[in-house]
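Accompanying notes for the structure given below.
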Ligand SMILES: [Zn+2]
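In the working numbering, the protein residues as written are 26 to 302.
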């Protein structure tokens, strides 16, 4: 029996994983604010965007600080967006749910590494792309690389016994996604004379392939395209821009890759069953 699943161990691990997720979310907030503005994520330390007040460490505790400061800067009383607390809570919550999912399905706890990497990428992509219409290289390349490196050192993370299998799974996932998506970008340009996809989407899918393999990437692309198209069509119906309506694809890919982690295998099996009559 798995020692993580029972008694005090379960609660301690679950608590720390939630807290860890909130801290990752706190770092993602820095990425979400700075990367689209071309600023470094390491230096300088965090400041209030209104008055440049230096955020002290006790004002930077995930979720709690935002609540205790009632969403205001301690120096200038300028509003601090609720998005900060939301991103922290959301990341903590997703990490906790993934941990429970991994326990429930009997996967190796090492699987958490690639899931956590991809979740961090999904959260930052969702919030950056929805607002700025970009997916920064500084988020996609590290995630892609992390997936491949994890496959080289921890085959158990991917449910394999030796590193050759896990490396092939991860590398093939990244390569196939990059090639397929690049062709889609180039083809889309040639046929429709406009960019429905960007290179950021290509690299996002490369990271999905590296962390989830070809099945996960295939699923993410299918669900992402379907949900994105439905949303786009609805938007076209409401707005008067018609075919000029522009929507970012990243948030749909981000949501879809999360759906794969939680329900993917089940949904893919159901989908494939449709063709086995
Ligand atoms: Zn301030």
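Note that CB positions come from ideal geometry on N, CA and C, so glycine has one too. Since this is a predicted model, take the numbers as computed values, not measurements.
query	result
Same chain, Cβ closer than 8 Å to residue 151, neighbours up to 5 away in sequence not counted	275, 276, 279, 280
Contact set for residue 201: own chain, Cβ-Cβ below 8 Å, skip 5 residues either direction	234, 239, 242
Buried or exposed by the 16-neighbour rule on C-beta atoms within 10 Å, applied to residue 208	exposed
Cα-Cα separation between residue 272 and residue 211, rounded to whole angstroms	19 Å
Top-ranked residue by Cα proximity to residue 224, from 263, 203, 51, 94	203
Nearest-angstrom Cα separation, counted from residue 172 out to residue 142	8 Å
Residue 129 burial status per 10 Å Cβ neighbour count (16 or more: buried)	exposed
Bounding residues of the alpha helix (DSSP H) (the contiguous stretch that carries residue 254)	224–263
For residue 61 and residue 167, believed in contact at Cβ under 8 Å, the rounded distance	Rounded, the Cβ-Cβ distance is 16 Å, inconsistent with contact.
Spatial distance of residue 149 from residue 295 (CA atoms)	30 Å
Check: residue 103 C-beta below 8 Å from any heavy atom of ligand 1	yes
Length of the line joining the Cα atoms of residue 17 and residue 41	Past the edges of the chain, shown from 26 to 302, lies residue 17, and the structure says nothing about it.
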